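J.: Read left to right, the sequence shown gives residues 0 to 57 (numbering that gives the first Met the number 0).
From the three backbone atoms N, C-alpha and C, an ideal C-beta is built for every residue, glycine too.
Treat the numbers as computed from the prediction; the structure is a model and nothing was measured.
Take this structure, written in structure tokens, and hold onto it; I'll ask about it next.
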Amino acid sequence: MTDSSLLIRPFQTEDEDALVALWKMCELTVPWNNPHKDIARKLQVQPELFLVGILGNR
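Here it is in structure tokens:
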């Protein structure tokens, strides 16, 4: 049985690669924006509002 509880928490630097992979899988990235730079820019302004959702271990 898997845990289906959704946990919403602030972004942590170790989330970056998985987040970029998810964005790419969902076709949310564009060639003219580097997603890693987008994350770095977001962390400059109200980083506490940059949230991720964790479902099970994903």
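1) Please say whether W22 and P34 have beta carbons closer to each other than 7 Å?
2) What number of angstroms, rounded off, separates the C-alpha of Q43 from the C-alpha of L27?
3) Please work out which residues of its chain come closer than 7 Å, Cβ to Cβ, to M0, disregarding the five sequence neighbours upstream and downstream, and give them in chain order.
4) Just to confirm my understanding: we take E15, look at its own chain, exclude 5 residues before and 5 after, and list those with CB closer than 8 Å. What are they?
5) Do L54 and L18 have their CB atoms nearer than 7 Å?
T.: Taking the structure as given:
1) yes
2) 21 Å
3) In this prediction, M0 scores a pLDDT of 45, lower than 50, which makes its location untrustworthy; the coordinate-derived value is nonetheless stated afterwards. Same-chain partners within the cutoff: there are none.
4) H35, I38
5) no
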